[in-house]
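Undergrad: Here's a structure for you.
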Ligand SMILES: Cc1ncc(COP(=O)(O)O)c(C=O)c1O
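Residue numbers (the working numbering): 196 to 655.
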């Protein structure tokens with residue numbers, strides 16, 4: 196078939212061709228990314244770096260939205276994938292030794308009573324499994340979640356997610372979903388006291404909400420309240436898990452015992468899509484614990500060979516290379532450098548994070564600033580995308596890849612692979628400093644003078 200694009204032609208596609216082919220995926224996304232020169236073709240990925248067609252090196256501090264704790268193409272993950280190259284990849288009419296081993300390993304490293312795994316293909320699917328399991332286990336209907344949360348974009352996951360923009364076009368979603376302010380234990384008490392709540396689902400640190408860390412003790416309070424009212428506690432570790440925050444799972448910072456956790460992203464070692472819902476044996480047994488019920492929730496691709504091989508290797512690398520401790524030490528170091536920038540540049544509202552999960556929040560610029568900066572090119576875009584403009588500059592002039600958080604476009608996420616070097620952290624802190632310095636004059640021009648003006652122009 197002459198009119199079909201071969202794999203070799205696809206690999207060799209020019210930027211123009213790829214943009215055209217994107218007509219069959221998402222034309223506005225392609226226009227948006229190419230407008231900002233984000234549609235570069237990267238040919239090699241290794242560790243923290245990727246290289247484009249021209250051989251230019253970039254540091255990837257976006258880190259696959261949290262999927263690249265091990266960096267690009269970690270050799271041990273690549274080796275694991277090549278070890279299984281001749282194995283059947285999908286064969287459901289038997290037991291999978293790799294899925295079984297990965298589940299056993301996760302139950303060995305997970306604290307508390309977390310013991311049984313359901314594997315799937317994404318974070319949202321892991322959340323779907325968690326919600327369904329909680330309903331069936333408790334025989335209750337309602338879910339409580341938090342404002343600003345992000346749990347994925349399938350129907351159930353979206354129903355408990357925080358941002359209206361993503362929910363509204365798809366209403367009606369699941370009934371009986373209540374969202375309460377994040378970090379507010381009193382609000383949780385009130386919500387749970389209404390009764391009939393199957394589960395409270397919560398991120399230990401909100402990722403897409405803009406890297407929001409709850410007050411100390413919040414998760415412990417949540418655990419106590421869930422026990423008091425008979426609701427299950429689901430901790431969504433899709434983004435925070437696998438060492439990112441300086442613990443294997445972020446809920447370990449508060450030593451709680453969730454009934455269910457969800458994992459995905461870095462569980463696949465940066466190479467394969469895999470999600471996981473992990474629950475206590477009691478919860479699992481109450482729903483799936485008979486031959487009649489054991490297939491109540493399944494997926495064609497669950498337990499597939501490649502994803503599970505990558506999962507086994509990923510966990511091994513995280514533990515063997517002490518990446519959990521590395522995330523803590525490097526995170527502390529980087530955060531301190533970025534805090535210096537917060538003190539230096541008035542356009543930075545706040546720098547916050549734990550381990551190598553860091554957010555850099557900018558004040559929203561005044562109207563007109565954005566058009567000036569982009570010479571009117573992007574005047575149809577909301578000025579809320581200032582952080583995106585910073586990402587554009589970081590990519591264009593400093594070769595650093597970043598992006599804003601989905602539920603809070605004023606925040607740039609900095610989630611480099613946990614194997615990042617100190618000199619790379621220094622380089623990126625310097626790059627952010629330079630970009631802020633460069634934009635200072637535009638910023639000052641719009642604001643006229645003084646911090647008092649900042650206070651009146653921006654919602655603090
Ligand atoms: C905390 C959390 N849960 C769930 C998801 C959804 O994962 P996925 O995009 O793999 O469906 C995400 C994605 O960013 C997430 O951050």
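Glycine included, C-beta positions come from ideal geometry on N, C-alpha and C.
Owing to the predicted nature of the structure, the values given are computational and were not obtained by experimental measurement.
Can you name the residues that DSSP bridges to residue 216?
TA: For residue 216, which the question treats as bridged, DSSP gives no partner whatsoever.
Undergrad: How is residue 433 classed by DSSP in three states: helix, strand or coil?
TA: The answer is coil: DSSP assigns residue 433 none of H, G, I, E or B.
Undergrad: Can you give me the Cβ contacts of residue 358 inside the same chain, cut-off strictly under 6 Å, excluding the 5 residues immediately before and after it?
TA: So the qualifying residues of the chain are 602.
Undergrad: Have a look at 405, 430 and 404 and flag the residue whose alpha-carbon is nearest the alpha-carbon of residue 415.
TA: Minimum Cα distance to residue 415 is reached at 430.
Undergrad: Just to confirm the assignment, what range does the alpha helix (DSSP H) spanning residue 511 have?
TA: It spans 500 to 515 - the alpha helix (DSSP H) in which residue 511 sits, taken as one unbroken run.
Undergrad: Counting C-beta neighbours from all protein chains within 10 Å, is the total for residue 485 16 or more, i.e. buried, or is it exposed?
TA: Per the 10 Å Cβ criterion, exposed.
Undergrad: Going by the C-beta, is residue 482 closer than 8 Å to any heavy atom of ligand 1?
TA: Checking the Cβ of residue 482 against ligand 1 gives no.
Undergrad: Got a sec, what are the start and stop residues for the beta strand (DSSP E) residue 372 sits in?
TA: Unbroken beta strand (DSSP E) run through residue 372: 372 to 375.
Undergrad: If you run the structure through DSSP and keep just helix, strand and coil, what is residue 605?
TA: Looking at residue 605 - three-state DSSP - the assignment turns out to be strand.
Undergrad: Just checking residue 606 against ligand 1 - is the residue's beta carbon closer than 8 Å to any of the ligand's heavy atoms?
TA: Checking every heavy atom of ligand 1 against the Cβ of residue 606, none is found closer than 8 Å.
Undergrad: Determine which residues share a DSSP beta bridge with residue 349 and list them.
TA: Bridge partners of residue 349: none, in fact.
Undergrad: Does the Cβ-Cβ distance between residue 473 and residue 309 come in under 9 Å?
TA: Against a cut-off of 9 Å, the Cβ pair of residue 309 and residue 473 comes out as a contact.
Undergrad: Alpha carbon to alpha carbon, how far is residue 331 from residue 393? Give it in angstroms, no decimals.
TA: Their Cα atoms are separated by approximately 9 Å.
Undergrad: Under 8 Å: does the beta carbon of residue 341 sit that close to some heavy atom of ligand 1?
TA: Result no, Cβ not under 8 Å from ligand 1.
Undergrad: For my contact list, residue 255 and residue 262 are in at a C-beta cut-off of 8 Å; report their separation, rounded to the angstrom.
TA: Wrong, their Cβ atoms sit about 11 Å apart, outside the cutoff.
Undergrad: Residues with a Cβ closer than 6 Å to any heavy atom of ligand 1, in chain order?
TA: Qualifying residues, in the order they occur: 260, 317, 318, 319, 322, 345, 346, 347, 398, 402, 403, 431, 433, 434 and 459.
Undergrad: Residue 428 and residue 455 - do their beta-carbons sit closer together than 9 Å?
TA: Closer than 9 Å, so yes.
Undergrad: By Cβ distance, which residues of its chain are closer than 7 Å to residue 583, with the 5 residues on each side in sequence left out?
TA: If we look at residue 583 and ignore the five residues flanking it on each side, its Cβ neighbours are 599 and 604.
Undergrad: To the nearest angstrom, report how far apart residue 200 and residue 239 are at their CA atoms.
TA: Computed Cα separation, rounded: 22 Å.
Undergrad: Give me the Cβ distance between residue 513 and residue 442, rounded to the nearest whole Å; I'm assuming they're in contact under 8 Å.
TA: With 8 Å as the limit, residue 513 and residue 442 do not qualify as a contact, their Cβ atoms being about 11 Å apart.
Undergrad: Between 625, 436 and 497, which lies nearest to residue 289 when the distance is taken from Cα to Cα?
TA: The option with the nearest alpha carbon to residue 289 is 497.
Undergrad: Under a three-way DSSP split, which group does residue 573 fall into?
TA: With a pLDDT of 46 at residue 573, under the threshold of 50, the modelled position of that residue is not reliable, and the figure given next carries that caveat. Note: residue 573 maps to coil in three-state DSSP.
Undergrad: Our contact map puts residue 284 next to residue 500 with C-beta atoms below 8 Å; I'd like the distance itself, whole angstroms only.
TA: Contact flag correct, Cβ pair sits at about 5 Å.
Undergrad: Suppose contacts are defined by Cβ-Cβ distances below 9 Å. Is residue 396 in contact with residue 383 by that definition?
TA: The answer is no: Cβ separation not under 9 Å.
Undergrad: Rank 325, 525 and 534 by C-alpha distance to the C-alpha of residue 478 and give the top, closest one.
TA: Answer by Cα proximity: 325.
Undergrad: Could you please give the first and the last residue of the uninterrupted beta strand (DSSP E) stretch that includes residue 599?
TA: Taken as a continuous stretch (DSSP letters only), the beta strand (DSSP E) holding residue 599 covers 598 to 600.
Undergrad: Apart from the five residues on each side of it in sequence, which residues of its chain come closer than 7 Å, Cβ to Cβ, to residue 321?
TA: The answer, listed in chain order, is 315, 433, 457, 458, 459, 470, 471 and 472.
Undergrad: CA-CA distance, residue 267 and residue 329?
TA: Approximately 35 Å between the Cα atoms of the pair.
Undergrad: Answer yes or no: the CB of residue 584 versus the heavy atoms of ligand 2, is any distance below 8 Å?
TA: Among the ligands present in this structure, namely ligand 1, ligand 2 is not found.
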